[in-house]
């Protein structure tokens, strides 16, 4: 029991001595906070840039796909079916 308490006391005094030699700068917290804010701003800017690039690529792919369509062949409004997709009004209905 005596050996454990002496080792514990020596460790406690060594840690206390080491803690006394540490002197923090007066503006250490403000500097660390500015650093964290810069990192957060950079992270958000990277995320916004990635989302913007993805949206631009999706729009470009859509425009490319639509530009290759033939005007004679409509995919969305196909009036070659059995009356599906086409609204036929009687003359003078409007």
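Numbering (the numbering used here), first residue to last: 1423 to 1516.
Cβ coordinates follow ideal geometry from the N, Cα and C atoms, glycine included.
Since the structure is predicted, the reported quantities are computational estimates derived from the model, not experimental observations.
Check residue i in the structure and name its three-state DSSP category.
i: residue 1428; result: helix
i: residue 1445; result: coil
i: residue 1484; result: helix
i: residue 1489; result: helix
For residue i, which residues in the same chain have their Cβ closer than 6 Å to its Cβ, ignoring the five residues on either side in sequence?
i: residue 1466; result: none
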